[in-house]
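J.:
There are 2 protein chains.
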Amino acid sequence: MYTEIFSQMKKQLGHLDKWLGSAAEYAKSKSFDPNVLASLRLAPDQFPLTRQVQICCDTVKLAASYLSGKPAESQPDTEQTLEELQIRIRSTITYLDGFGAQDFAAAATQVVSQPRWKGEWMTGADYFIQHAIPNFYFHLTTAYAILRHNGVNLGKRDYLGQQTKRPPVGASVGPSVG
Amino acid sequence: MYTEIFSQMKKQLGHLDKWLGSAAEYAKSKSFDPNVLASLRLAPDQFPLTRQVQICCDTVKLAASYLSGKPAESQPDTEQTLEELQIRIRSTITYLDGFGAQDFAAAATQVVSQPRWKGEWMTGADYFIQHAIPNFYFHLTTAYAILRHNGVNLGKRDYLGQQTKRPPVGASVGPSVG
């Protein structure tokens, strides 16, 4: 299921990219600098939108790297504008485009560790389920919440996007268009 | 991986229960009615905390039901206080306690549908990955964001909780205490 969940995360990054586009349009319609939104936060001791987007991107990028054993380039977290954040998101999507099912064949049993863990480690499965999935959706939803709270016109459909619904059983289905 | 992800969601519901406990303590320390928090929201056209908690609970309850074929009782969504929301969360945790790996053996290929889909359906795998996981974490994180925004003392550790770290390879590990 690793490949399918990463594919879903990649889809959600596409949504995040669009939300920032909607944020820029909203700012334009209200005649304020769209990059004001990049520095907003929901609490004084919580990260601003910029950092939420950066961590969201890094969570899925690093998870794909850890679980596949393929390298990931460190990014300097210098984004300050909505457009720069969109470039960061798109670079993460491009990185994820480079993965296929075979890359995650041994994901569950990978040894995942970080320098600050002092030698402690997690299995790939535990890391994915206990850290990567909850953390990715946390920062994605917090970014959404910051925008919603500040008036950007977003709804649940913008969050979930299109879902793979299949036609009624027994219904006549036309030929697929190639 | 279904069983492990449901287990993680159950763990996160336990965190949500604790956040509401922290919210009640915070209200007490500031001498305001804790149930004021239940009606707060981040935007005028977004659901308040009460509904975020109800949907979060229902998302995982219905997903477990759909993917296992086991029934789930409908709940009337009448909660108004933080304590009532905690009871709702605990009832969901109890429901999830009744599932084991064998219940999800055929999860991926279940046919999932809802009356308003007019006969359209999703596979269990698509429903889980495209709807249940993103939706659960969306409402969980939005509940967290409403509390954080209103001053409740929560941090990332309260969100992620304890993770299964394993001891350094080659380190001497004492006998486990039974």
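Read top to bottom, the protein sequences are chains E and Y. Per numbering that gives the first Met the number 0, the very first residue in the first sequence carries number 0; after that it's consecutive. Per numbering that gives the first Met the number 0, the very first residue in the second sequence carries number 0; after that it's consecutive. For each residue, glycine too, the CB sits at the ideal point set by N, CA and C.
Got a sec? Which residues, its chain only, sit under 6 Å from Y/D16 by beta carbon, not counting five neighbours each side?
T.: Result list for Y/D16: Q85 and I88, in chain order.
J.: Three-state secondary structure (DSSP) at Y/M121?
T.: Three-state result, Y/M121: strand.
J.: Go ahead and label E/A104 buried or exposed: buried means 16 or more other beta carbons lie within 10 angstroms of its beta carbon, across all protein chains shown.
T.: Per the 10 Å Cβ criterion, exposed.
J.: At a Cβ threshold of 8 Å, is Y/I92 touching chain E?
T.: Chain E contact via Cβ: absent.
J.: Within 8 Å (strictly less), CB to CB, does E/Q129 reach chain Y?
T.: It does; some Cβ of chain Y falls within 8 Å.
J.: Beta carbons nearer than 7 Å to chain E: which residues of the segment 71 to 92 of chain Y have them?
T.: Of all residues in the segment 71 to 92 of chain Y, none has a Cβ within less than 7 Å of some Cβ in chain E.
J.: Distance, Cα to Cα, E/L153 vs Y/V168?
T.: Whole-angstrom Cα-Cα distance: 47 Å.
J.: Check the C-beta distance from E/Q45 over to Y/R147 and give it rounded, since I have them as a contact under 8 Å.
T.: With 8 Å as the limit, E/Q45 and Y/R147 qualify as a contact, their Cβ atoms being about 6 Å apart.
J.: In this structure, how does DSSP classify Y/R165 when only helix, strand and coil are distinguished?
T.: Correct three-state label for Y/R165: strand.
J.: Output needed in chain order: residues of the segment 12 to 36 of chain Y with a Cβ under 9 Å from some Cβ in chain E.
T.: Cβ contacts with chain E: none found.
J.: Residues bridged to E/V111 by DSSP?
T.: E/M121.
J.: Could you list the residues in the segment 137 to 162 of chain E with a C-beta less than 7 Å from some C-beta on chain Y, going in chain order?
T.: From the segment 137 to 162 of chain E, only F137, T140, T141, A144, R147, H148, Y158, L159 and Q162 have a Cβ closer than 7 Å to chain Y.
J.: Kindly indicate which three-state DSSP category E/Q11 falls into: helix, strand or coil?
T.: In this structure, E/Q11 counts as helix in the three-state DSSP scheme.
J.: Do we get a CB-CB distance below 8 Å when we pair E/P133 with the residues of chain Y?
T.: With 8 Å as the cut-off, E/P133 counts as an interface residue toward chain Y.
J.: So what does DSSP say about Y/N34, is it helix, strand or coil?
T.: Three-state result, Y/N34: helix.
J.: Please look up how many angstroms separate the CB atoms of Y/T163 and E/Q11, rounded, as I've assumed it's under 8 Å.
T.: Incorrect: roughly 25 Å between the Cβ atoms, too far for contact.
J.: Distance check for E/G99 and E/Q7, CA to CA, integer angstroms please.
T.: Approximately 13 Å, taken between the alpha carbons.
J.: Taking 8 Å as the threshold (beta carbon to beta carbon), is E/G177 in contact with chain Y?
T.: In this prediction, E/G177 has a pLDDT of 43, which is less than 50 and means its spatial position is unreliable; nothing more can be read from the coordinates.
J.: Should Y/L81 and Y/A22 be called a contact, given that it needs their Cβ atoms to be closer than 8 Å?
T.: Yes, these two residues count as a Cβ contact at 8 Å.
J.: Using CA coordinates, which residue listed in Y/T122, Y/L41, Y/I4 and Y/I54 is at the minimum distance from Y/I145?
T.: For the residues Y/T122, Y/L41, Y/I4 and Y/I54, the minimum Cα distance to Y/I145 belongs to Y/L41.
J.: Can you grab the Cα-Cα spacing for the pair E/L19 / E/E83, in whole Å?
T.: Distance between the alpha carbons of E/L19 and E/E83 is about 10 Å.
J.: Taking Cβ-Cβ distances shorter than 8 Å, what residues in chain E pair up with Y/P167?
T.: Those are K117, G118, E119 and W120, listed as they occur along chain E.
J.: Counting contacts by CB-CB distance shorter than 8 Å, is Y/K164 in contact with chain E?
T.: Y/K164 counts as touching chain E.
J.: Just to make sure I have the definition right: I need the residues of chain Y whose C-beta is within less than 8 Å of the C-beta of E/A42. Which are they?
T.: Those are R147, H148 and G150, listed as they occur along chain Y.
J.: Do E/Y25 and E/G150 have their C-beta atoms closer together than 8 Å?
T.: Yes, these two residues count as a Cβ contact at 8 Å.
J.: Looking at C-alpha atoms only, which residue of E/N134, E/Y126, E/D57 and E/A142 is the closest neighbour of E/S112?
T.: Ranking E/N134, E/Y126, E/D57 and E/A142 by Cα distance to E/S112 puts E/Y126 first.
J.: So the candidates are E/E78, E/L95 and E/E72; which of them puts its Cα closest to the Cα of E/E3?
T.: Minimum Cα distance to E/E3 is reached at E/L95.
J.: Roughly how many whole angstroms lie between the Cα atoms of Y/P33 and Y/T49?
T.: Y/P33 and Y/T49: Cα-Cα distance of roughly 12 Å.
J.: Express the C-alpha separation of E/K69 and E/T141 in angstroms, rounding to a whole number.
T.: If I take the Cα positions, the gap works out to 29 Å.
J.: At which residue ranges does the segment 25 to 70 of chain Y contain complete alpha helix (DSSP H) runs of 4 or more residues, listed in the order of the chain?
T.: Taking only runs of at least 4 residues, the alpha helix (DSSP H) segments lying wholly in the segment 25 to 70 of chain Y are 48 to 67.
J.: For Y/Q58, is the classification buried or exposed, using 16 other Cβ atoms within 10 angstroms of its Cβ as the cut-off for buried?
T.: Note that residue 58 of chain Y corresponds to Thr in the displayed sequence, not to Gln. Label assigned to Y/T58: buried.
J.: What did DSSP end up calling E/D76 once you bin it into helix, strand or coil?
T.: It is coil, neither helix nor strand.
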